[in-house]
Amino acid sequence: MAANPATLTTTTTAAGRNAKIYLAPNYPPKIEGRSIFLAGSIEMGKAEDWQTVVTDRIAHLPVTILNPRRPDWNNDWKQSKDDARFREQVEWELDMQERCDVVAMHFHPDTKAPISLLELGLFASSGKMVVCCPDGFYRKGNVELVCERAGVPLFNTLDEWVEEVLKKLQA
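Here my numbering is used: the first residue of the sequence shown is 4, the next is one more, and so on.
Here it is in C-alpha cells:
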C-alpha cells in the first residue's frame, strides 16, 4: 500500500539528517535506516500527545518513525474485525511493530491502555522494546513484572526513556 503524501512528513535538520514519519494506516514503501514504532496510550482527551514530544526529540536522526495516532480516527468505528477501517488500523499497528527495529511504548498514568498492555505481551520478548511506565499507571505492577521477566528496559520518566530510545536507535 503506498503512503498517502498527506501523512508522510520528512523532518530535516541543519546537519542534513532526516526522519521520515508515517502515520497510520500508511505503509512506508521502504523502511530507510533504523525504525521506531511509537506504541502506547493514545486515549483521546486523556493521554497527552506524547508521540509528538518523542518525535521532536528524535527527528534529527535518519530514522523512520511509525506513529499509530491518526487524525481521522473515529471512536464510532465498530471494534470488530468486520469493520474495514478498524481492521486496517489494527493490522497496520501489528505489521509495523513486527517490522520496526525499536518499539517505544509509553503508558500514560491517566489512561487504561488495554491494547498497549496486550501489545506489551505480544512484543516483550522481541528484544526491541523500551517501556516508560510512570507512577500512577493503574497496572504498573503488571508492566514491571512483564518487563523484568522479558528483560525489557523500563523507565519511570519520559526523559530517561527517550534517552534510552535514542541509544537504541543509534546502536
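C-beta: ideal position from N, C-alpha, C; glycine also.
Roughly how many angstroms separate the alpha carbons of residue i and residue j, rounded to a whole number?
i: Ser38; j: Ala107; result: 10 Å
i: Phe158; j: Asp98; result: 25 Å
i: Cys103; j: Glu91; result: 18 Å
i: Glu35; j: Glu96; result: 18 Å
i: Ser119; j: Pro32; result: 26 Å
i: Pro28; j: Glu122; result: 17 Å
i: Leu69; j: Val93; result: 13 Å
i: Ser128; j: Pro117; result: 18 Å
i: Glu147; j: Gly124; result: 12 Å
i: Gly43; j: Asp75; result: 18 Å
i: Ile61; j: Asn145; result: 28 Å
i: Ala153; j: Thr67; result: 25 Å
i: Ile24; j: Tyr30; result: 10 Å
i: Gly139; j: Phe89; result: 29 Å
i: Gln82; j: Lys143; result: 26 Å
i: Lys84; j: Phe126; result: 21 Å
i: Trp80; j: Ala22; result: 31 Å
Would you say residue i and residue j are within 9 Å of each other, going by their C-beta atoms?
i: Ile172; j: Leu64; result: The sequence shown places Leu at residue 172, not Ile. In this structure, Leu64 lies closer than 9 Å to Leu172 by Cβ.
i: Asp86; j: Arg72; result: no
i: Val133; j: Glu167; result: yes
Do you know whose CA, among the options, lies nearest residue i's CA?
i: Leu41; options: Asp85, Pro28 and Thr58; result: Thr58
i: Leu161; options: Ser83, Thr55, Asn77 and Tyr30; result: Thr55
i: Ile45; options: Lys84, Asn78 and Phe126; result: Asn78
State the CB to CB distance for the pair residue i and residue j, rounded to an integer number of angstroms; the pair is presumed to be in contact (CB under 8 Å).
i: Phe110; j: Cys135; result: 7 Å
i: Lys115; j: Tyr141; result: 7 Å
i: Pro112; j: Pro137; result: 5 Å
i: Lys131; j: Val165; result: Between Val165 and Lys131 the Cβ distance is about 16 Å, and since that is not below 8 Å, they are no contact.
Unbroken beta strand (DSSP E) runs of length 3 or more, entirely within the segment 65 to 149: which are they? With a minimum length of 3 residues, the unbroken runs of beta strand (DSSP E) contained wholly in the segment 65 to 149 fall at 66 to 70, 105 to 109 and 132 to 135.
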